[in-house]
Structure formats: structure tokens, C-alpha cells
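Under the UniProt record's numbering, the first residue of the sequence shown carries the number 1, and numbering increases by one thereafter.
The beta carbon of each residue, even a glycine, is placed where N, CA and C say it ideally should be.
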Amino acid sequence: MADLGLFGPGTVSWRVHAEPILFVGGLRSLFLQALHPRAMAGVAQNSHYKDDPWGRLMRTTIYVATAVYGTTEEAVEAGRRLRAIHARMRARDPFTGEEFRIDEPELLRWVHVTEIESFITTARRAGVPLTDAEVDTYYWEQRRVAALAGLDPSTVPASAAEVTDYYASMQPALKVTRDAAEALVFLTAPPMPVSWKLNPAARLGLELGGPRLAYLGVASTALGLLPTWARRLYGGLGLPIEGFTAGLSARAIRAALGALPRRYTEGPIYQGAMARAAALTTQT
């Protein structure tokens with residue numbers, strides 16, 4: 001009961017990941033990750049994300065929640081399973097044809113950095129009060145999650161300044177490949193979950209276009225929150241007004257999510273962590 005996992009009350013990670021708006025950050029990170037030719041080739045050649053996008057999203061969500069809010073044993077086991085899956089995967093470079101491992105440190109680091117930078121940037125742009133020092137603390141804390149994926153924590157950026165430098169060093173290698181373009185289109189307008197089509201009320205909503213329009217708004221916000229250089233790579237103008245508008249949209253989405261009953265935004269892994277923390281407080 002006393003095991004609070006890799007983090008715990010008082011950590012920036014627990015506070016940030018309690019925000020439902022992070023699902024927008026997760027989508028933003030996918031747009032960023034797709035810009036790395038090898039990383040995108042690895043996904044395209046090893047996953048069936050187009051066949052089961054919502055299932056893949058759910059599995060990723062569960063992994064992130066387990067790493068942040070699970071017990072130490074649960075987090076370590078989740079990392080072990082992830083490393084085992086990646087160790088079996090290979091892909092071919094879209095330009096050279098060279099075969100490479102999915103668990104190459106460069107690729108793991110790219111996925112990790114784009115994910116956590118997207119989470120903390122989205123949270124901040126959506127109005128979560130975070131100081132510069134807290135942002136740096138979040139990056140430093142998340143090195144523990146990087147270790148779960150198989151990275152040497154000392155090779156992972158641990159501050160906002162280090163992330164900025166890392167992005168600058170990576171930009172010459174980034175580009176929109178055919179796989180990245182297809183991912184952009186798919187992620188912007190994916191098929192709605194099959195379960196919705198089986199529910200009369202949800203099916204009516206789909207026919208009226210409500211969920212699709214709502215998701216398009218979320219996807220547009222995620223794209224607008226991308227760094228200027230990333231928006232330009234995707235063919236956007238990268239104007240400051242785009243980012244400003246996306247920030248307003250992110251705040252509106254966060255406010256809407258905050259109005260929902262907590263049972264809709266708090267998953268069982270988070271609830272378990274809160275119960276363990278409450279039990280520890282009672283014991284002390």
C-alpha cells in the first residue's frame with residue numbers, strides 16, 4: 001500500500017499527468033514523431049495503427065499511466081514488456097534500405113523527448129500553472145520513464161534548455177516522408193471507434209458529424225501547438241498567430257474537460273495511486 005511508484009505526491013509528474021488535456025499532448029507528440037524518417041518507418045512497418053488506432057492509443061495511454069502512477073513493480077514490468085517488444089522489431093530505412101533496430105537509442109530518445117515535451121508544453125499552453133523551474137523538474141523526473149524504455153538517463157535532455165538544443169540538433173534530419181504524410185492525414189481524421197457505431201445514440205451523433213467535428217478541432221489544436229519549425233515542415237506558415245489560436249483552443253478544451261464528472265477523466269491506475277497515497281497519509 002505504501003509503494004507510490006516512480007514518483008508520488010508533490011512531484012511535478014503527478015500534477016501534470018492528472019490533467020486530461022494531456023491527450024491533446026499525446027496527439028501532438030505523434031505529429032512530431034512522424035517527422036523522423038526512421039521512427040516513422042519503424043511504426044509504418046511494424047504496427048497496424050490504421051487498423052486499430054484507438055486500441056493502440058489505449059495501450060499507449062495505459063503504459064504512460066502505469067509508468068507515472070503505477071507501483072514500482074508495475075512500472076518496471078511495463079518497461080520490461082515494452083523493451084521485449086521493441087527488441088524483436090526491425091525496419092528498413094526509407095532512403096538507404098538499411099535494416100535497423102527499433103530500439104536504437106536515437107529512436108527511443110526521439111520518441112521519449114517528443115512525448116514529454118508535448119505533454120508539458122500542452123499542459124502549460126492550456127493554462128496549467130507551471131513555473132520554469134517546475135518544467136525543468138518535470139524533464140528531470142521523466143528520465144526515470146526514459147530508463148524504463150531502455151535509455152541511459154544521462155543521455156536524455158533534463159531541462160527545457162536541453163530540449164531546445166536537442167531539437168535544434170535533430171532538425172536537419174527531419175522531413176515529411178510519404179509515411180509521415182499518410183500518418184498526418186490519418187491522425188487528423190481517423191475512423192471513429194467501432195463500438196460507437198453499435199450504440200444508437202453514438203451512431204446518430206456520427207451521422208450528424210458531431211464527434212468527427214470535435215475530433216477535428218482537437219487535431220487542429222494539436223497541430224497548432226507544434227513548434228514553429230515543425231509546422232513549417234508540414235507545409236504551414238508557422239506564424240505566431242497559429243500558436244496563439246491553438247493556445248486559446250487548448251484552454252477551452254481543458255475547461256470543457258474540467259466540467260465533466262471526474263469518473264470520466266480519472267482512470268483506474270490514477271485512482272489506485274491516489275488510494276495508496278491517501279493510505280500512506282493515514283498511516284503517518
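| Check | Outcome |
| --- | --- |
| To which residues does DSSP link ALA91 through a beta bridge? | PHE100 |
| Would you call ARG109 buried or exposed, if buried means 16 or more other Cβ atoms sit within 10 Å of its Cβ? | buried |
| Nearest-angstrom Cα distance between ALA173 and ARG276? | 44 Å |
| Report the three-state DSSP secondary structure of TYR264 (helix, strand or coil). | helix |
| With DSSP as the reference, label ILE116 as helix, strand or coil. | helix |
| On a Cα-Cα basis, can you pick out the residue from ARG143, PRO20 and GLY10 that is closest to PRO261? | PRO20 |
| Where does GLN142 land, buried or exposed, given buried means 16+ other C-beta within 10 angstroms? | buried |
| Determine the extent of the alpha helix (DSSP H) in which ALA65 is found, giving its start and end residues. | 53 to 69 |
| Go ahead and label MET58 buried or exposed: buried means 16 or more other beta carbons lie within 10 angstroms of its beta carbon, across all protein chains shown. | exposed |
| Kindly list the residues whose CB is nearer than 6 Å to the CB of PRO153, restricted to its own chain and excluding five residues on each side of it in sequence; keep chain order. | ARG143, ALA146 and ALA147 |
| Rounded C-beta distance between ALA91 and GLN45? I'm assuming under 8 Å. | 4 Å |
| Determine the direct distance from the alpha carbon of GLY25 to that of GLY79, and round the result to whole angstroms. | 21 Å |
| Classify VAL185 as buried or exposed, calling it buried when 16 or more other Cβ atoms lie within 10 Å of its own Cβ. | exposed |
| Are the CB atoms of MET40 and ALA180 nearer to each other than 8 Å? | yes |
| Comparing alpha-carbon positions, which option in PRO191, PRO227, ASP103 and LEU187 lies nearest VAL163? | PRO227 |
| Select from ARG212, GLY272, GLU242 and ASP136 the residue whose C-alpha is nearest the C-alpha of THR66. | GLY272 |
| I think GLY243 touches GLY217, with their Cβ atoms under 8 Å apart; what is that distance to the nearest whole Å? | About 16 Å separates the two Cβ atoms, so there is no contact after all. |
| Could you tell me whether the Cβ atoms of SER159 and ARG28 are closer together than 8 Å? | no |
| Can you give me the C-alpha to C-alpha distance between PRO255 and ASP93, rounded to a whole angstrom? | Here residue 255 is Ala; the residue named in the question, Pro, does not match the sequence. When rounded, the distance between both Cα atoms is 42 Å. |
| If you run the structure through DSSP and keep just helix, strand and coil, what is TYR166? | helix |
| Where LEU130 and LEU22 are concerned, what is the direct C-alpha to C-alpha distance, given to the nearest angstrom? | 14 Å |
| Return the residue from the list THR11, VAL176 and LEU187 that minimises the CA-CA distance to ASP52. | LEU187 |
| Can you check whether the CB of ALA126 is closer than 8 Å to the CB of ARG251? | yes |
| Any idea what DSSP makes of GLN33, helix, strand or coil? | helix |
| Return the chain-ordered list of same chain residues with a C-beta closer than 6 Å to the C-beta of SER169, the five sequence neighbours on each side being excluded. | none |
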